[in-house]
Amino acid sequence: MDWSHSLRLIAPEETLSIAGLVLLLIAAWGGDKASRLISILAVAALVGATFLVAPALCGGHMGPDYAAFFGQVHADAFSAFGKILIYLSAAATLVVAPTFFERLGAMRAEFPVLVIFAAVGSGMMVSAGDLLALYIGLEMNSLAAYVLAAFVRTDGRSAEAGLKYFVLGALASGILLFGMSLTYGFTGTTSFSGINAALAGGLSNGALFGIVFMLAGLAFKISAVPFHMWTPDVYEGAPTPVTKFFATSGKVAAIGLTMRVMFDAFGEQADAWRQIVVFIALASIVVGALGAIGQKNIKRLMAYSSINNVGFILVGLSAANEQGASAMLFYLVIYVAMTVAGFVTVLMLKDENGNQVEEIDKFAGLSRTRPGLALALGLVMFSLAGIPPLFGFWGKFLVFKAAVDAGMMPLAAIGFAASVIGAFYYLKVVKVVYFDEPADVVKGDSDIWHKALLVVTCLFISPLGYLLSGWLQHLTDTASTALFYAL
Amino acid sequence: MIHIIAFYLFAVMTVASGAITILSRNPVHSVLWLILAFFNAAGLMVLTGAEFIAALLVIVYVGAVAVLFLFVVMMLDIDFAELRAGFVRYFPFGALVAIVLLAEIVLGIGAYRAGNLELGTPDGTAATAAGLHNIEAIGGLLFSRYLFLFEAAGVILLVSMIGAIVLTHRERGGTRGQKIAKQNQRRPQDATFNVKPEVGKGVSL
Numbered sequence: 068m069d070w071s072h073s074l075r076l077i078a079p080e081e082t083l084s085i086a087g088l089v090l091l092l093i094a095a096w097g098g099d100k101a102s103r104l105i106s107i108l109a110v111a112a113l114v115g116a117t118f119l120v121a122p123a124l125c126g127g128h129m130g131p132d133y134a135a136f137f138g139q140v141h142a143d144a145f146s147a148f149g150k151i152l153i154y155l156s157a158a159a160t161l162v163v164a165p166t167f168f169e170r171l172g173a174m175r176a177e178f179p180v181l182v183i184f185a186a187v188g189s190g191m192m193v194s195a196g197d198l199l200a201l202y203i204g205l206e207m208n209s210l211a212a213y214v215l216a217a218f219v220r221t222d223g224r225s226a227e228a229g230l231k232y233f234v235l236g237a238l239a240s241g242i243l244l245f246g247m248s249l250t251y252g253f254t255g256t257t258s259f260s261g262i263n264a265a266l267a268g269g270l271s272n273g274a275l276f277g278i279v280f281m282l283a284g285l286a287f288k289i290s291a292v293p294f295h296m297w298t299p300d301v302y303e304g305a306p307t308p309v310t311k312f313f314a315t316s317g318k319v320a321a322i323g324l325t326m327r328v329m330f331d332a333f334g335e336q337a338d339a340w341r342q343i344v345v346f347i348a349l350a351s352i353v354v355g356a357l358g359a360i361g362q363k364n365i366k367r368l369m370a371y372s373s374i375n376n377v378g379f380i381l382v383g384l385s386a387a388n389e390q391g392a393s394a395m396l397f398y399l400v401i402y403v404a405m406t407v408a409g410f411v412t413v414l415m416l417k418d419e420n421g422n423q424v425e426e427i428d429k430f431a432g433l434s435r436t437r438p439g440l441a442l443a444l445g446l447v448m449f450s451l452a453g454i455p456p457l458f459g460f461w462g463k464f465l466v467f468k469a470a471v472d473a474g475m476m477p478l479a480a481i482g483f484a485a486s487v488i489g490a491f492y493y494l495k496v497v498k499v500v501y502f503d504e505p506a507d508v509v510k511g512d513s514d515i516w517h518k519a520l521l522v523v524t525c526l527f528i529s530p531l532g533y534l535l536s537g538w539l540q541h542l543t544d545t546a547s548t549a550l551f552y553a554l
Numbered sequence: 043m044i045h046i047i048a049f050y051l052f053a054v055m056t057v058a059s060g061a062i063t064i065l066s067r068n069p070v071h072s073v074l075w076l077i078l079a080f081f082n083a084a085g086l087m088v089l090t091g092a093e094f095i096a097a098l099l100v101i102v103y104v105g106a107v108a109v110l111f112l113f114v115v116m117m118l119d120i121d122f123a124e125l126r127a128g129f130v131r132y133f134p135f136g137a138l139v140a141i142v143l144l145a146e147i148v149l150g151i152g153a154y155r156a157g158n159l160e161l162g163t164p165d166g167t168a169a170t171a172a173g174l175h176n177i178e179a180i181g182g183l184l185f186s187r188y189l190f191l192f193e194a195a196g197v198i199l200l201v202s203m204i205g206a207i208v209l210t211h212r213e214r215g216g217t218r219g220q221k222i223a224k225q226n227q228r229r230p231q232d233a234t235f236n237v238k239p240e241v242g243k244g245v246s247l
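Residue numbers (our numbering), protein chains in the order written: chain A, 68 to 554; chain B, 43 to 247.
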């Protein structure tokens, strides 16, 4: 193995790690006063790393030439796709975070550093080619995430969210590790390709248990039913920019990792895990939709919405082919854009003192007092519901098409029916915003960066997004081909 | 034969003491059972010929457990007088545990001398470490094949350190830190002075 070649392939990780270390030094000497500067530098580093990984996606890199360190890390088009989404959504988090934390007096210079290391861990997750790389990436991401969830120390809800996330996350890591040790014990190797080859002959009971436990651990990380209990509490309690980070970059990393494990390591035994994934997908869609109906807090609503969306993404996984993988990636892009737009809108909903307004009742009549914000909220809700002219519809269409083409008609039918339930609560928000008497609570203003981010993401999820669909389709196809070629 | 006996002894003791760890009501007892579980797990490692990992298990985990023990003692209000009260009554039981541990050590060493336990067939991708000690083999793998993961694990430690500091460190106002240069520059005449107070009047300092 050629060391310099391997080191070149992990250039984005190296860049970000070094940037994180340098920024940590600046934080140590500059103190909290320097946190704005550090945030800006961190955004620059993340964007720079995005440019470093972009050639791998555009050039369609795949195969053994792009596997570093004995196949432990795959720097192919699939991981590039995931990393671009992760880095950009981490950068979007850093753009909105300083304003939020400074108001609470909780901005610390370490915040951008932790976000950078979480992004490095997430990047390792989507490029893992080995059980060890999987676990180390996952823990790097999770450890930073636990701290970020509890970042506002003086707020009881934030501390509770951090503690809950930590305890349940440790439990999930334990389950995942148990599954990994079973898999290792019954296949004798930790590399995904080795596991795939060892399972090609047949599946022993022990290895099946390994798959089930690993899937359970991963389902926790993507917050799929029945391992979703933590999501509403953590999403509600964590500071809003951090929630946005979990719902975008964390979600992309966990789903990318799940795809890697399921296709690269257990691809030969797709029939063994398909029924589990079908169950998880349907349960997530239904529970996500039903659970959201009674919610009064917009962040809890977004949490249930993310559970619901994960269900739709897993419909693509259950197809277990390239078309399904490509549809999942397409859905992920749209989901990230919708989530960023949604949470930036939530961040911009402030009362006259600048406090965040999170209760849905208080948005009443927003269309008359703040028409721009109301339009953005309406766009996000319609798009999440998958109403046709908006881009959110196209993602749902692709995953269901993949499921139908794979001969899973009943799954698609139940999914369609459940998405109607989901539409109910999205439309309820629209009704409150557009048709209720104005509550006139939302009055605060936001800076130009929030507005710019909101305009860009809203344009993406608006019907104008379809102009990009040809190009995006090409990229997702390349990425999913790379995922299957890594076998 | 000695292998099989030793394996089942260690395995049963590990599982049993693990179970008692979570079942016992007294946290101090839990910690003691946990230590026993770690010792037995180390015994299992010795049986497979991984004596370095066995040593690590004892040093790191039992050491960590000792620290944990301290925390338990500090955080929970445990009445040690009451605990010690039953010493004579429980002495036979304690002696029994000690004898079991001693027997395990003897048996473990005997089994280790008799050669390694045969494990499942390796897949052959890892290079065989013939003629190398455990430590050399692990070091060789860590710093070559698994270099990237080793470094990444270092970053994880850094992240957890930053996290711990971010969540617990706070600036305390009103404390007086040392200013060494200023303290060294201080001369006697800066700090002491003579006053002649009049009789019947106080001094203002």
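Backbone N, C-alpha and C fix where the C-beta goes; we use that ideal spot for every residue, glycine too. Note that the coordinates shown come from a computational prediction; the quantities given were computed from them, not determined experimentally.
Using only the alpha-carbon positions, how far apart do residue i and residue j sit?
| i | j | result |
| --- | --- | --- |
| A:Gly-482 | A:Ile-352 | 7 Å |
| A:Ala-350 | A:Asp-300 | 19 Å |
| A:Gln-362 | A:Ala-286 | 23 Å |
| A:Leu-171 | A:Asn-422 | 9 Å |
| A:Leu-113 | A:Ser-146 | 16 Å |
| A:Ile-85 | A:Leu-249 | 36 Å |
| A:Gly-261 | B:Val-197 | 27 Å |
| A:Ala-111 | A:Ala-164 | 15 Å |
| A:Leu-92 | B:Ile-207 | 14 Å |
| B:Arg-131 | B:Leu-118 | 25 Å |
| B:Leu-78 | B:Gly-181 | 28 Å |
| B:Leu-184 | B:Lys-221 | 45 Å |
| A:Asp-507 | A:Phe-430 | 8 Å |
| A:Pro-505 | A:Asp-428 | 10 Å |
Within 8 Å of any Cβ in chain B, is that where the Cβ of residue i sits?
| i | result |
| --- | --- |
| A:Phe-167 | no |
| A:Gln-336 | no |
| A:Leu-210 | yes |
| A:Ile-77 | yes |
| A:Val-23 | Since the first residue of chain A shown is 68 and the last is 554, residue 23 of chain A is not available in this structure. |
| A:His-72 | no |
| A:Ala-217 | yes |
| A:Val-301 | no |
| A:Gly-328 | Here the sequence assigns Val to residue 328 of chain A, which means Gly is not the residue at that position. Output row for A:Val-328: interface = no. |
| A:Ser-271 | no |
| A:Ser-102 | no |
| A:Val-214 | yes |
| A:Met-207 | yes |
Would you give the residue range spanned by the alpha helix (DSSP H) that residue i belongs to?
| i | result |
| --- | --- |
| A:Lys-495 | 476-502 |
| B:Glu-240 | Counting along the chain, B:Glu-240 falls outside any alpha helix (DSSP H), and DSSP gives it neither H nor E. |
| B:Leu-118 | Here B:Leu-118 belongs to no alpha helix (DSSP H), and DSSP marks it neither H nor E. |
| B:His-45 | 44-65 |
| A:Gln-540 | 536-552 |
| A:Ala-441 | 438-452 |
| A:Thr-524 | 515-528 |
| B:Arg-227 | Per the sequence shown, the amino acid found at residue 227 of chain B is Gln instead of Arg. Per DSSP, B:Gln-227 belongs to the alpha helix (DSSP H) from 222-227. |
Against chain A, with Cβ distances strictly below 8 Å, would residue i count as a contact?
| i | result |
| --- | --- |
| B:Ala-195 | yes |
| B:Gly-205 | yes |
| B:Ile-64 | no |
| B:Asp-165 | Residue placement at B:Asp-165 is poorly supported in this model, since its pLDDT is 49, which falls under 50; the coordinates are not used for a value here. |
| B:Ile-198 | yes |
Kindly identify the DSSP beta-bridge partner or partners of residue i.
| i | result |
| --- | --- |
| A:Gln-423 | A:Lys-417 |
| A:Val-140 | A:Ala-135 and A:Ala-195 |
| A:Ser-73 | Answer is none; A:Ser-73 lacks a bridge partner. |
| A:Ser-351 | Answer is none; A:Ser-351 lacks a bridge partner. |
| B:Asn-236 | DSSP output for B:Asn-236 lists no bridge partner at all. |
| A:Asn-364 | A:Glu-426 |
| A:Ser-258 | A:Asp-197 |
Taking residue i as the query, report the chain C residues whose CB atoms sit under 9 Å from its CB, ordered along the chain.
| i | result |
| --- | --- |
| A:Leu-181 | Chain labels in this structure do not include chain C; the protein chains are A and B. |
Does the ligand MN have even one heavy atom less than 7 Å from the beta-carbon of residue i?
| i | result |
| --- | --- |
| B:Arg-212 | The ligand content of the structure shown is nil, which means the ligand MN is not present either. |
Short of 8 Å Cβ to Cβ, which residues in the region 181-194 of chain B face chain A?
Here the close residues are Arg-187, Tyr-188, Leu-189, Phe-190, Leu-191 and Ala-194.
Between the region 86-112 of chain B and chain A, which residues of the former have CB atoms less than 7 Å from a CB of the latter, in chain order?
Answer set for the region 86-112 of chain B: empty.
Contact residues within the region 189-205 of chain A, judged by C-beta distance below 7 Å to chain B:
Met-191, Leu-199, Ala-200 and Ile-203
Using a Cβ cut-off of 9 Å, which residues of the region 130-150 of chain A contact any Cβ in chain B, in chain order?
Ala-135, Phe-136, Phe-137, Gln-139 and Val-140
Select from the region 226-255 of chain A all residues with a C-beta closer than 7 Å to any C-beta belonging to chain B, and list them in chain order.
Gly-255
Positions along the region 338-351 of chain A whose CB lies within less than 7 Å of some CB in chain B:
none
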